[in-house]
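Protein sequence lines, in the order shown, are assigned to chains A and Y. Here the working numbering is used: the first residue of the first sequence is 1, the next is one more, and so on. Here the working numbering is used: the first residue of the second sequence is 1, the next is one more, and so on. We treat Cβ as the ideally placed atom computed from N, Cα and C, and that holds for glycine. Just so you know, these numbers come straight off a predicted model, no measurement behind them. The block underneath contains the structure these notes are about, expressed in structure tokens.
2 protein chains.
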Amino acid sequence: MTRRPSDRDQSSRAVNLQDIADRAGVSLATASRVLGNGSRRVNDELIERVTRAAADLGYSANLPARTVATGYSDIVGVLVHDISDPYFSTIATAVVQRADQHAAVVSIGNAFGDARRELAYVAMMRSMRARAVVVAGSRSDDRDGHQALCDELEAFQRGGGRAVCIGQPLPGIDTVAPENEAGARALGVALAAAGHRSFAVLAGPPHLHTARDRLRGFRAGLEAAGIELHSDDVISGQFNRDGGYEAVSTLLSRSAPLPRCVFAVNDVMAVGALARLRTAGLDVPGDVAVAGFDDIVTLRDVWPRLTTVRLPLEAMGEMAGRLALDQQRDEAPRLLPVPGEVILRESTALAAGSVAS
Amino acid sequence: MTRRPSDRDQSSRAVNLQDIADRAGVSLATASRVLGNGSRRVNDELIERVTRAAADLGYSANLPARTVATGYSDIVGVLVHDISDPYFSTIATAVVQRADQHAAVVSIGNAFGDARRELAYVAMMRSMRARAVVVAGSRSDDRDGHQALCDELEAFQRGGGRAVCIGQPLPGIDTVAPENEAGARALGVALAAAGHRSFAVLAGPPHLHTARDRLRGFRAGLEAAGIELHSDDVISGQFNRDGGYEAVSTLLSRSAPLPRCVFAVNDVMAVGALARLRTAGLDVPGDVAVAGFDDIVTLRDVWPRLTTVRLPLEAMGEMAGRLALDQQRDEAPRLLPVPGEVILRESTALAAGSVAS
DNA sequence: CTAGTCTTGGAAAGCGCTTTCCCAAAGCTT
DNA sequence: AAGCTTTGGGAAAGCGCTTTCCAAGACTAG
Numbered sequence: 001m002t003r004r005p006s007d008r009d010q011s012s013r014a015v016n017l018q019d020i021a022d023r024a025g026v027s028l029a030t031a032s033r034v035l036g037n038g039s040r041r042v043n044d045e046l047i048e049r050v051t052r053a054a055a056d057l058g059y060s061a062n063l064p065a066r067t068v069a070t071g072y073s074d075i076v077g078v079l080v081h082d083i084s085d086p087y088f089s090t091i092a093t094a095v096v097q098r099a100d101q102h103a104a105v106v107s108i109g110n111a112f113g114d115a116r117r118e119l120a121y122v123a124m125m126r127s128m129r130a131r132a133v134v135v136a137g138s139r140s141d142d143r144d145g146h147q148a149l150c151d152e153l154e155a156f157q158r159g160g161g162r163a164v165c166i167g168q169p170l171p172g173i174d175t176v177a178p179e180n181e182a183g184a185r186a187l188g189v190a191l192a193a194a195g196h197r198s199f200a201v202l203a204g205p206p207h208l209h210t211a212r213d214r215l216r217g218f219r220a221g222l223e224a225a226g227i228e229l230h231s232d233d234v235i236s237g238q239f240n241r242d243g244g245y246e247a248v249s250t251l252l253s254r255s256a257p258l259p260r261c262v263f264a265v266n267d268v269m270a271v272g273a274l275a276r277l278r279t280a281g282l283d284v285p286g287d288v289a290v291a292g293f294d295d296i297v298t299l300r301d302v303w304p305r306l307t308t309v310r311l312p313l314e315a316m317g318e319m320a321g322r323l324a325l326d327q328q329r330d331e332a333p334r335l336l337p338v339p340g341e342v343i344l345r346e347s348t349a350l351a352a353g354s355v356a357s
Numbered sequence: 001m002t003r004r005p006s007d008r009d010q011s012s013r014a015v016n017l018q019d020i021a022d023r024a025g026v027s028l029a030t031a032s033r034v035l036g037n038g039s040r041r042v043n044d045e046l047i048e049r050v051t052r053a054a055a056d057l058g059y060s061a062n063l064p065a066r067t068v069a070t071g072y073s074d075i076v077g078v079l080v081h082d083i084s085d086p087y088f089s090t091i092a093t094a095v096v097q098r099a100d101q102h103a104a105v106v107s108i109g110n111a112f113g114d115a116r117r118e119l120a121y122v123a124m125m126r127s128m129r130a131r132a133v134v135v136a137g138s139r140s141d142d143r144d145g146h147q148a149l150c151d152e153l154e155a156f157q158r159g160g161g162r163a164v165c166i167g168q169p170l171p172g173i174d175t176v177a178p179e180n181e182a183g184a185r186a187l188g189v190a191l192a193a194a195g196h197r198s199f200a201v202l203a204g205p206p207h208l209h210t211a212r213d214r215l216r217g218f219r220a221g222l223e224a225a226g227i228e229l230h231s232d233d234v235i236s237g238q239f240n241r242d243g244g245y246e247a248v249s250t251l252l253s254r255s256a257p258l259p260r261c262v263f264a265v266n267d268v269m270a271v272g273a274l275a276r277l278r279t280a281g282l283d284v285p286g287d288v289a290v291a292g293f294d295d296i297v298t299l300r301d302v303w304p305r306l307t308t309v310r311l312p313l314e315a316m317g318e319m320a321g322r323l324a325l326d327q328q329r330d331e332a333p334r335l336l337p338v339p340g341e342v343i344l345r346e347s348t349a350l351a352a353g354s355v356a357s
């Protein structure tokens, strides 16, 4: 099977470095030094010849082979619940941009919130010898799944990769942590200060940390203003648009009077709530006020504009990218808290001077 | 962490197949046959021993090495303009789902519509020996860039990968082609039939094929109804939310009377237009009607609900995934046209019986 | 003019896997 | 019992690259 350089075969095997070396009349090593990282000086004329040969033949380095040889790749994995959710796609875009600057290529994994898929994806990144992996999205209560993920991430790091997480801190792993609880608390305080008195919370799934933290914070904020949130006023459901829609359906179907203000634990749910209220012929904020969380850019144009807690999603992705790519490996794991900013808009406006019952 | 005395060094080198073979007391070849594709029968007891050893040592196959050995990888590249645009993230999600079924892992590239980045990304996928690449998003007029991309994709296919494109057909490449022109035409016809008579088009960038096709189709639809679209009534701008917003600003700043109906060549622009009109205190559809294109799911809850042309984005991603992964290589390139469906909603409603001037 | 230090090209030894090839042992048929 | 085909394990040859290691030539220094 040994091919002489002279007998060019017809098979469509891709051109490799040896082909380039042959054509340029240099050794494999020299060709590699020219086209590779260039750690060693090569005669200008040879550089020229090799470069020319590579261009002529349309050479494209075999990256997997390079990875095998060096033990190092330029893949960065990003793991999200759902890339079509603007929350995640915004973060992912930022990571991609950061990775671009490091000539790294991003591989995005959709886990649909499933712990098994998450595990499989991180394992895959480990198999690929990825340079780093960014895990975004709320952890859930599944103890075993959680532990397995931590183990896998640890193995990943032992193998020389870097792991970063966006959301709940994972032990031993750099984390960009949005302050869900504090943000929701501030929102509760602000809404109370604006004159709201009766509330319901569309709380999302009880097992999701993010959802729970936001509920807890909001409740604390109200309590600080002397308002108590009854458990009847907490409706759980899905963490997406339909979850918000259905939670409002539940509220509407009850005999109890509607609360004057509804807090959905994320913007997408808030939009679902808005849709359901409109279907019921109710005015927002006239009849019911609605607030969300995240301040998703795509949703800034919904009307009435949503009161929400702004998370700097782009900055968060950017920070995660930086942690994953810039930092030295020997530093201790970091925790970067990200504060949210309460933004009051039309969706929770009250007629001037009035105090809602 | 039980290391056998025979283990040579303490360095944290990842466990490899040889380690597994040693521990199981079999040869490298046998270990490979058990853990690899299993193309050959292996004694049950040995299978058991190897599997056990792999589990004990937390073995994770080195995928790049496998790729080097076989020449095949399980990476699928998806190239989009902007993953945070719901149009693309919806498509990407569908491709990811399809790829999951093939145990392939998706790598998403953001080109931000820049031809150079697109080229670089496809080249990168070729370097990675990716199994397939899906290029989504409108081509622009840049002749050279376009040719370079085609060349690169052809090189990619010659190297054994599959290329699929979503949008304008590329020569020699399987394409999922939304019928932009026909859809826009149908929309024009439908709006005219609904009684609209005076129009403007927020046309996006003139060099983008998708934008142009939609404009051309819309114009043809109006002409079929005996309505002519003057060039004054075509405002170009960006293909995103801000483009819609600013185009309406332009309309408002003119001395001419506002058109009764505005067609934005995509939904995101339509939402920008809606925002601008609202800022100007104009009612939609009372004062001005607005229509979009795509029927983005995230935007179905904006109010008034947008008249649009629905593209089955998920199905399109799914089809692209299928073309990329299921099909045999020797078949001729295919062109799968995807029809759009006109959906009339509140944003273009006219008071019953009235005909807009 | 010789010894010592840089340069810089090439041969070859890996990297971790798959797969071909070889061969021993076992199962058939006559 | 002799000749076959299976069966399945192991040695070793790659895959395409990087990176030692070596050696030869080009310089300095004494």
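query = What residue does the beta strand (DSSP E) around residue 145 of chain Y start on, and which one ends it?
reply = Segment 143-158 is the alpha helix (DSSP H) holding residue 145 of chain Y; no beta strand (DSSP E) there.
ask   = Which of helix, strand or coil does DSSP assign to residue 302 of chain Y?
value = coil
query = For the candidate residues Y:167, Y:66 and Y:42, whose alpha-carbon lies nearest to that of residue 16 of chain Y?
reply = Taking only the C-alpha atoms, the option nearest residue 16 of chain Y is Y:66.
query = Using a beta-carbon distance below 8 Å, is residue 274 of chain Y in contact with chain A?
reply = yes
query = Could you give the residue range of the alpha helix (DSSP H) that holds residue 180 of chain Y?
reply = 180-193
ask   = What did DSSP end up calling residue 23 of chain A once you bin it into helix, strand or coil?
value = helix
key: Neighbour list for residue 129 of chain Y in chain A, Cβ cutoff strictly below 7 Å   = 62 and 64
message = With H, G and I counted as helix, E and B as strand and the rest as coil, what does DSSP make of residue 294 of chain Y?
response = strand
query = So which residues of chain A does residue 58 of chain Y contact, with C-beta pairs closer than 7 Å?
reply = 155
query = Along chain Y, which residues have their Cβ under 9 Å away from the Cβ of residue 333 of chain A?
reply = Ordered by position in chain Y, no residue passes the 9 Å Cβ test against residue 333 of chain A, which lies about 18 Å from the chain.
task = Would you please verify whether the beta carbon of residue 107 of chain A is less than 8 Å from any beta carbon of chain Y?
result = yes
query = From which residue to which residue does the alpha helix (DSSP H) around residue 166 of chain A run?
reply = Residue 166 of chain A -> not in any alpha helix (DSSP H); beta strand (DSSP E) instead, spanning 162-166.
task = Quick one: list the residues of chain Y neighbouring residue 83 of chain A, beta-carbon separation under 8 Å, in chain order.
result = Under the 8 Å cutoff, chain Y gives 83, 89, 92, 93, 96 and 108.
inquiry  = Below 8 Å on the Cβ atoms is my contact criterion, and I expect residue 202 of chain A with residue 269 of chain A to pass it. Report the Cβ-Cβ distance as a whole number of Å.
reply    = 5 Å
task = With 9 Å as the C-beta to C-beta threshold (strictly closer), list the residues of the region 261-291 of chain A near chain Y in chain order.
result = 268, 271, 272, 274, 275 and 278
request  = Measure the alpha-carbon distance for residue 30 of chain Y versus residue 71 of chain A and round it to whole angstroms.
outcome  = 24 Å
request  = On the DSSP bridge assignment, give the partners of residue 110 of chain A in chain order.
outcome  = A:80
key: With 16 other Cβ atoms within 10 Å as the buried cut-off, status of residue 335 of chain Y   = exposed
Start-to-end residues for the beta strand (DSSP E) that takes in residue 235 of chain Y = 234-236
key: Delimiting residues of the alpha helix (DSSP H) encompassing residue 34 of chain A   = 28-35
query = Is it the case that the Cβ atoms of residue 323 of chain A and residue 189 of chain A are separated by a distance below 8 Å?
reply = Contact: no.
query = For the region 118-149 of chain Y, which residues have a beta carbon sitting closer than 7 Å to at least one beta carbon of chain A?
reply = 123, 124, 126, 127, 128 and 129
task = Tell me, please, which residues DSSP counts as bridged to residue 105 of chain Y.
result = Y:75
query = Which of the three DSSP states, helix, strand or coil, is assigned to residue 6 of chain A?
reply = For residue 6 of chain A, the pLDDT reaches just 36, beneath the cut-off of 50, and the residue's location in the model is therefore unreliable, leaving the point undetermined.
query = Using DSSP with H/G/I as helix, E/B as strand and the rest coil, what is residue 255 of chain Y?
reply = coil
ask   = Taking Cβ to Cβ, would you say residue 218 of chain A is nearer than 8 Å to residue 187 of chain A?
value = yes
ask   = With a CB to CB cut of under 7 Å and the five nearest residues on each side skipped, what residues in its chain are close to residue 118 of chain A?
value = 79, 111 and 149
inquiry  = Just verifying my parser: in three-state terms, what is the DSSP assignment at residue 219 of chain A?
reply    = In the structure shown, residue 219 of chain A sits in a helix (DSSP, three-state: H, G or I).
ask   = Nearest chain A C-beta to residue 159 of chain Y closer than 8 Å, yes or no?
value = yes
key: Alpha-carbon spacing of residue 240 of chain Y relative to residue 313 of chain A, whole angstroms   = 19 Å
task = Leaving aside the five residues before and after residue 276 of chain Y along the sequence, list all residues of the same chain whose C-beta is less than 7 Å from its C-beta, in chain order.
result = 245, 248 and 249
task = Would you mind reading off the limits of the beta strand (DSSP E) that contains residue 310 of chain A?
result = 308-310
task = Round the Cβ separation of residue 107 of chain Y and residue 89 of chain A to the nearest angstrom and send it over; I've been treating them as touching at under 8 Å.
result = Contact doesn't hold; Cβ gap of about 15 Å is too wide.
task = Quick one: list the residues of chain A neighbouring residue 86 of chain Y, beta-carbon separation under 9 Å, in chain order.
result = Correct list: 84, 86, 89 and 298.
ask   = Exposed or buried, residue 348 of chain A, counting other C-beta atoms within 10 Å across all chains shown (16 or more means buried)?
value = buried
message = Short of 8 Å in beta carbon distance, which residues of its chain neighbour residue 316 of chain A, apart from the five on each side in sequence? Order them along the chain.
response = Once the five neighbours on either side are set aside, the close Cβ partners of residue 316 of chain A are 91, 94, 166, 176, 178 and 338.
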